[in-house]
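Have a look at the structure below, then the notes.
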Amino acid sequence: MRIRCLPLIVIALEACTPTVSEPAGPCTENFCLPDGAKITRTQEGPDFNVHDVSWMGQRFGIYEGNHPQKGDQGSRAAVKLRIDPKARIGVAEGRGSIIVATGKGWPAFLDVMGPCRSDKDCTLVKFAEGLRGR
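Sequential numbering from 563 applies to the sequence shown in the working numbering.
Below, the structure is given as C-alpha coordinates:
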(Lines of atoms letter the chains of each structure in order from A and count residues from 1; the text may use other names and numbers.)
(Lines give C-alpha, C1' and ligand atoms only; values in the text may rest on other atoms or scores of the structure.)
Protein backbone atom coordinates (compact mmCIF):
# COMPACT_ATOMS: atom_id res chain seq x y z
CA MET A 1 0.00 0.00 0.00
CA ARG A 2 2.78 2.45 0.89
CA ILE A 3 4.64 1.86 -2.38
CA ARG A 4 1.52 2.57 -4.43
CA CYS A 5 0.90 5.87 -2.61
CA LEU A 6 4.45 7.16 -3.01
CA PRO A 7 4.09 8.19 -6.70
CA LEU A 8 0.86 10.02 -5.85
CA ILE A 9 2.57 11.91 -3.04
CA VAL A 10 5.42 12.93 -5.36
CA ILE A 11 2.98 14.15 -8.01
CA ALA A 12 1.00 16.10 -5.39
CA LEU A 13 4.16 17.74 -4.06
CA GLU A 14 5.26 18.74 -7.57
CA ALA A 15 1.85 20.30 -8.19
CA CYS A 16 2.15 22.33 -4.97
CA THR A 17 5.70 23.53 -5.61
CA PRO A 18 5.68 27.23 -6.48
CA THR A 19 7.12 28.21 -9.83
CA VAL A 20 10.46 29.95 -9.73
CA SER A 21 10.16 33.50 -10.97
CA GLU A 22 12.91 35.51 -12.59
CA PRO A 23 15.36 36.91 -10.05
CA ALA A 24 14.67 40.47 -9.07
CA GLY A 25 16.91 43.07 -7.56
CA PRO A 26 16.19 44.99 -4.38
CA CYS A 27 12.67 46.13 -3.63
CA THR A 28 11.14 49.29 -2.22
CA GLU A 29 7.72 49.29 -0.63
CA ASN A 30 6.11 49.66 -4.08
CA PHE A 31 8.34 48.08 -6.75
CA CYS A 32 11.34 45.82 -7.33
CA LEU A 33 14.36 46.68 -9.43
CA PRO A 34 15.87 44.46 -12.11
CA ASP A 35 18.46 41.89 -11.09
CA GLY A 36 21.83 43.56 -10.53
CA ALA A 37 20.41 47.04 -9.88
CA LYS A 38 21.25 48.96 -6.71
CA ILE A 39 19.61 52.00 -5.12
CA THR A 40 22.47 54.40 -4.38
CA ARG A 41 20.41 57.19 -2.82
CA THR A 42 16.81 58.01 -1.95
CA GLN A 43 15.44 61.52 -1.47
CA GLU A 44 12.11 61.76 0.32
CA GLY A 45 9.83 64.68 -0.46
CA PRO A 46 6.53 65.61 1.18
CA ASP A 47 4.52 63.41 -1.22
CA PHE A 48 7.12 61.72 -3.41
CA ASN A 49 10.42 59.82 -3.41
CA VAL A 50 13.29 60.02 -5.89
CA HIS A 51 15.65 57.05 -6.13
CA ASP A 52 19.08 57.13 -7.76
CA VAL A 53 19.88 53.70 -9.16
CA SER A 54 22.93 52.11 -10.74
CA TRP A 55 22.57 49.20 -13.16
CA MET A 56 25.07 47.73 -15.61
CA GLY A 57 27.41 50.71 -15.19
CA GLN A 58 24.67 53.25 -15.97
CA ARG A 59 22.77 55.71 -13.77
CA PHE A 60 18.97 55.86 -13.61
CA GLY A 61 16.44 57.84 -11.62
CA ILE A 62 13.00 56.78 -10.44
CA TYR A 63 10.42 59.32 -9.30
CA GLU A 64 7.71 57.72 -7.17
CA GLY A 65 4.58 59.82 -6.61
CA ASN A 66 1.37 61.17 -8.08
CA HIS A 67 2.60 64.13 -10.16
CA PRO A 68 5.39 63.16 -12.59
CA GLN A 69 7.00 65.82 -14.75
CA LYS A 70 5.64 65.56 -18.28
CA GLY A 71 8.11 67.94 -19.89
CA ASP A 72 8.79 68.32 -23.58
CA GLN A 73 10.69 65.18 -24.56
CA GLY A 74 9.53 64.81 -28.12
CA SER A 75 6.96 62.25 -29.07
CA ARG A 76 5.73 59.81 -26.47
CA ALA A 77 6.08 56.37 -28.05
CA ALA A 78 4.38 53.36 -26.49
CA VAL A 79 6.52 50.89 -24.52
CA LYS A 80 5.17 47.55 -23.33
CA LEU A 81 6.50 46.85 -19.86
CA ARG A 82 5.58 44.07 -17.46
CA ILE A 83 4.78 46.66 -14.80
CA ASP A 84 2.67 48.75 -17.25
CA PRO A 85 1.88 47.52 -20.79
CA LYS A 86 0.66 51.02 -21.76
CA ALA A 87 3.72 52.99 -20.62
CA ARG A 88 5.03 55.84 -22.79
CA ILE A 89 8.58 57.00 -23.40
CA GLY A 90 9.92 60.43 -24.29
CA VAL A 91 13.51 60.94 -25.48
CA ALA A 92 15.58 64.13 -25.68
CA GLU A 93 19.31 64.82 -25.70
CA GLY A 94 20.39 61.24 -24.98
CA ARG A 95 18.07 60.77 -21.99
CA GLY A 96 14.68 59.14 -21.76
CA SER A 97 11.71 59.25 -19.42
CA ILE A 98 9.13 56.49 -19.13
CA ILE A 99 5.90 57.30 -17.29
CA VAL A 100 4.57 54.14 -15.63
CA ALA A 101 1.05 53.95 -14.19
CA THR A 102 1.12 51.74 -11.09
CA GLY A 103 -2.62 51.24 -10.65
CA LYS A 104 -2.30 52.32 -7.00
CA GLY A 105 -3.50 55.33 -5.05
CA TRP A 106 0.08 56.15 -4.07
CA PRO A 107 2.29 56.19 -5.90
CA ALA A 108 0.06 56.50 -8.92
CA PHE A 109 3.12 56.87 -11.16
CA LEU A 110 6.77 56.04 -11.53
CA ASP A 111 8.81 58.27 -13.81
CA VAL A 112 11.79 56.14 -14.80
CA MET A 113 14.67 58.16 -16.27
CA GLY A 114 17.95 57.12 -17.83
CA PRO A 115 20.23 56.89 -20.88
CA CYS A 116 18.46 56.58 -24.22
CA ARG A 117 19.61 57.41 -27.77
CA SER A 118 16.15 56.95 -29.28
CA ASP A 119 12.95 55.08 -28.49
CA LYS A 120 14.35 52.20 -30.62
CA ASP A 121 17.90 52.16 -29.10
CA CYS A 122 17.46 52.69 -25.39
CA THR A 123 19.20 51.27 -22.31
CA LEU A 124 16.41 52.81 -20.24
CA VAL A 125 13.83 50.50 -21.85
CA LYS A 126 15.95 47.43 -21.00
CA PHE A 127 16.17 48.66 -17.40
CA ALA A 128 12.44 49.40 -17.16
CA GLU A 129 11.55 45.97 -18.59
CA GLY A 130 13.02 44.47 -15.41
CA LEU A 131 10.89 46.55 -13.01
CA ARG A 132 8.25 44.64 -11.08
CA GLY A 133 5.32 45.94 -9.06
CA ARG A 134 4.68 44.88 -5.46
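Glycine included, every Cβ here is placed at the ideal spot set by N, Cα and C. Given the structure is predicted, the values throughout are model-derived calculations rather than measurements.
- In chain order, each beta strand (DSSP E) run of at least 3 residues that lies wholly inside the segment 605-639: 610-617, 620-627
- Message: Starting from A599, trace the alpha helix (DSSP H) in both directions and tell me its first and last residue.
- Response: Segment: none, A599 is in no alpha helix (DSSP H) and carries neither H nor E.
- Item | Outcome for M675 when other beta-carbon atoms lying within 10 angstroms are tallied against a minimum of 16 | buried
- Is there contact here, the segment 658-670 with the segment 678-694, by at least three beta-carbon pairs under 8 Å? yes
- Query: For G652, which residues does DSSP report across the bridge?
  - Reply: S659
- Query: If you check the beta carbons only, do A599 and G607 fall under 7 Å apart?
  - Reply: no
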